[in-house]
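>
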Amino acid sequence: MTTLALTINGGAQGPREVRDDLTMNDFLREYLGMTGTKFGCGAAQCLSCAVIVDNPDGTSYTSPTCIVPAKSFDGKAIRTVEGHAKNGELSALQKAFIAHFAFQCGYCTAGFLNEAQVLLERLEKTPVARAELEKTIAEALDGHICRCTGYIKYHEAVRDVILADPKRYLV
Amino acid sequence: MKSETRFQTLVSVAALAVSMHAGYAASQAASNTLASPESFSSIADADARSAAMFTELGKVLTHPRCVNCHPAGDRPRQGDESRLHQPPVERGIDGHGTETMRCSICHQKANFEPGRVPGHPEWHIAPREMAWEGKTLAEICAQIKDPVHNGGRKVEDLIHHIGTDTLVGWAWQPGFGRAPAPGTQKEAGALVDAWVKTGAVCPAR
Numbered sequence: 009m010t011t012l013a014l015t016i017n018g019g020a021q022g023p024r025e026v027r028d029d030l031t032m033n034d035f036l037r038e039y040l041g042m043t044g045t046k047f048g049c050g051a052a053q054c055l056s057c058a059v060i061v062d063n064p065d066g067t068s069y070t071s072p073t074c075i076v077p078a079k080s081f082d083g084k085a086i087r088t089v090e091g092h093a094k095n096g097e098l099s100a101l102q103k104a105f106i107a108h109f110a111f112q113c114g115y116c117t118a119g120f121l122n123e124a125q126v127l128l129e130r131l132e133k134t135p136v137a138r139a140e141l142e143k144t145i146a147e148a149l150d151g152h153i154c155r156c157t158g159y160i161k162y163h164e165a166v167r168d169v170i171l172a173d174p175k176r177y178l179v
Numbered sequence: 003m004k005s006e007t008r009f010q011t012l013v014s015v016a017a018l019a020v021s022m023h024a025g026y027a028a029s030q031a032a033s034n035t036l037a038s039p040e041s042f043s044s045i046a047d048a049d050a051r052s053a054a055m056f057t058e059l060g061k062v063l064t065h066p067r068c069v070n071c072h073p074a075g076d077r078p079r080q081g082d083e084s085r086l087h088q089p090p091v092e093r094g095i096d097g098h099g100t101e102t103m104r105c106s107i108c109h110q111k112a113n114f115e116p117g118r119v120p121g122h123p124e125w126h127i128a129p130r131e132m133a134w135e136g137k138t139l140a141e142i143c144a145q146i147k148d149p150v151h152n153g154g155r156k157v158e159d160l161i162h163h164i165g166t167d168t169l170v171g172w173a174w175q176p177g178f179g180r181a182p183a184p185g186t187q188k189e190a191g192a193l194v195d196a197w198v199k200t201g202a203v204c205p206a207r
């Protein structure tokens, strides 16, 4: 057993005892009831289970949760799909996903959303040229699998959010 | 053909098939072990003995547990089938993954069996100049002796690297669903030691 304490969507969770073999996905879904994070392939190959991890230096990255032990998140701050909307209002990315009909079954959406959010935050710190944008988006979303094949719509939705505020994300 | 003759022929064919199968099984078993340096003492010629010991070590060096992370390209491989790593990852600048997909995000400090993910504190892939994938044992041998391609090591340093380095040692404790490298790390280290002390001669092919 390991004592686990972390921050999820800005709120403290724990400390609480968890089994060493407990995955982060099971911790979120079964222990906390946060079922927005999906369990897909169980092998980190579809990334529907990805959450955002916030580094102390202000940078962020995504991590799968299905193959990673919960205890490895001790002391970390993470964000899940439940944390994107503020005061009942969807984020710009969420609105764009809906506007573009980016998802059908929605199983992959949390992973795509988190990955796109990390991309936005990265571009705020290190903007890219417009000519590099398509490649940048494609590379960021690469690895996320959508069985409903919404790839292009996800891509277009992310592009729209970035182009709506070019001074923020582009050089 | 009389029935008695036909029966004898069938028995002979069956016996031959069984013996071939047995031979194959024995060979398979041998591939999971490493011969000791002493077992090469019957080879009188020192160069030939040295090369033979490296060939034995080659069972480790060409094993998926080693080659998967000594890839020819920028993507590691995985599994006993050495398929391309999924999810798609790349070496990045330092061999620890790209900026947004570091190896350590999934690979923890130790194997995590519920996720079937191998782990080690220093999990990363070997530098591009240390690629072994697709190379002959002779090519790997020449490369492993070349400081430009072995991380600036002397051949003597390889005794420690292969014999005691804990990331290399993971190859013998790879976790569920992955075949361990042949023999033991100690046996592999003994082979490197003996190979170096006999001149570190490379096999012809």
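The listed protein sequences derive, respectively, from chains A and B. Under this note's numbering, think of the first position of the first sequence as 9, with each following residue one higher. Under this note's numbering, think of the first position of the second sequence as 3, with each following residue one higher. C-beta atoms are modelled at their ideal positions from N, C-alpha and C, and glycine is treated no differently.
Below 7 Å, is the gap between the Cβ of Glu115 (chain B) and the nearest heavy atom of the ligand FMN?
Questions concerning the ligand FMN fall outside what the structure shown contains, since it holds no ligand whatsoever.
> Decide if the stretch 108 to 121 of chain A is in contact with the stretch 153 to 166 of chain A; the criterion is three or more beta carbon pairs, one per stretch, under 8 Å apart.
The stretch 153 to 166 of chain A and the stretch 108 to 121 of chain A touch, with three or more beta-carbon pairs separated by less than 8 Å.
> Please identify, using Cβ separations under 7 Å, the residues of the stretch 103 to 114 of chain B that lie next to chain A, in order along the chain.
Ile107, Cys108, Gln110, Phe114
> Going along the stretch 28 to 40 of chain A in order, which residues come within less than 7 Å of chain B, judged by CB to CB distance?
Asp29, Thr31
> Under 8 Å between C-beta atoms, does Gly117 (chain B) make it to chain A?
By this cut-off, Gly117 (chain B) is an interface position.
> Please determine, among B:Gly117, B:His109, B:His72, the residue with the shortest C-alpha to C-alpha distance to Gly153 (chain B).
B:His72
> Could you check whether Ala183 (chain B) and His65 (chain B) sit closer than 8 Å to each other, using their CB atoms as the reference points?
A distance below 8 Å separates the beta carbons of His65 (chain B) and Ala183 (chain B).
> Starting from Leu14 (chain A), trace the alpha helix (DSSP H) both ways and give me its first and last residue.
Element bounds for Leu14 (chain A): not the alpha helix (DSSP H) but the beta strand (DSSP E), 10 to 16.
> If the cut-off is 7 Å on Cβ atoms, which residues from the stretch 75 to 100 of chain A count as contacting chain B, listed in chain order?
Ile75, Val76, Pro77, Ser80
> From the DSSP output, which residues share a beta bridge with Thr70 (chain A)?
A:Ile60
> Taking DSSP as the reference, what is the three-state secondary structure of Ala20 (chain A)?
Strand.
> For Glu97 (chain A), write down the residues that DSSP places opposite it in a beta bridge.
A:Lys94
> For Thr88 (chain A), tell me which candidate among A:Pro64, A:Gly96, A:Phe120 has the shortest Cα-Cα distance.
A:Phe120
> Per DSSP, Ile106 (chain A) is paired with what?
DSSP, once it has assigned bridges, lists no residue as partnering Ile106 (chain A).
> Taking C-beta to C-beta, are Pro77 (chain A) and Asp28 (chain A) nearer than 8 Å?
yes
> Could you check if Ala46 (chain B) is buried or exposed, using at least 16 other CB atoms within 10 Å of its CB as the buried criterion?
exposed
> Over what stretch of residues does the beta strand (DSSP E) that includes Arg87 (chain A) continue unbroken?
85 to 87
> Using DSSP's beta-bridge definition, name the partner residues of Gly2 (chain B).
Look at the range of chain B in this structure, 3 to 207, and you will see that residue 2 (chain B) is not part of it.
> Apart from the five residues on each side of it in sequence, which residues of its chain come closer than 6 Å, Cβ to Cβ, to Pro123 (chain B)?
Lys111
> For Ala24 (chain B), which residues from the same chain have a beta carbon less than 8 Å from its beta carbon, with the 5 sequence-adjacent residues on both sides left out?
For Ala24 (chain B), the pLDDT reaches just 33, beneath the cut-off of 50, and the residue's location in the model is therefore unreliable, leaving the point undetermined.
> Between the stretch 168 to 187 of chain B and the stretch 89 to 107 of chain B, can you find at least three pairs of beta-carbon atoms closer than 8 Å?
no
> When the Cα atoms are used, what is the spatial distance from Ile170 (chain A) to Val179 (chain A)?
12 Å
> Name the chain B residues that come within less than 7 Å of Ala52 (chain A), Cβ to Cβ?
Pro89, Cys108
> State buried or exposed for Glu58 (chain B), treating a residue as buried only when at least 16 other CB atoms are found within 10 Å of its CB.
Buried, by the Cβ-count rule.
> For Ser52 (chain B), which of B:Arg155, B:Gly179, B:Ala140, B:Asp148 has the nearest alpha-carbon?
For Ser52 (chain B), the nearest C-alpha among the options comes from B:Ala140.
> Applying the criterion that 16 or more other CB atoms from any shown protein chain within 10 Å of the CB defines a buried residue, is Ala27 (chain B) buried or exposed?
In this prediction, Ala27 (chain B) has a pLDDT of 30, which is less than 50 and means its spatial position is unreliable; nothing more can be read from the coordinates.
> In its own chain, which residues sit with a C-beta less than 7 Å from the C-beta of Ile16 (chain A), not counting the 5 before and 5 after it?
Leaving aside the five residues that flank Ile16 (chain A) on each side, the residues in its chain whose CB is nearer than 7 Å to its CB run, in chain order, Ile86, Thr88.
> Could you name each continuous alpha helix (DSSP H) segment of 4 residues or more that falls completely within the stretch 43 to 72 of chain B, going from the start of the chain to the end?
Look at the stretch 43 to 72 of chain B and you find these whole runs of alpha helix (DSSP H), each 4 residues long or longer: 48 to 63, 66 to 69.
> By how many angstroms is the C-alpha of Arg130 (chain A) removed from the C-alpha of Trp197 (chain B)?
Rounded to whole angstroms, Trp197 (chain B) and Arg130 (chain A) show a C-alpha spacing of 50 Å.
> For Pro120 (chain B), count the other beta carbons within 10 Å of its own beta carbon; 16 or more makes it buried, fewer makes it exposed. Which is it?
buried
> Suppose you measure from the CA of Gly114 (chain A) to the CA of Phe178 (chain B); what does that come to, to the nearest Å?
33 Å
> Taking one C-beta from the stretch 130 to 140 of chain B and one from the stretch 40 to 56 of chain A each time, how about it: are there three or more such pairs within less than 8 Å?
no
> Within 8 Å of any Cβ in chain B, is that where the Cβ of Tyr162 (chain A) sits?
no
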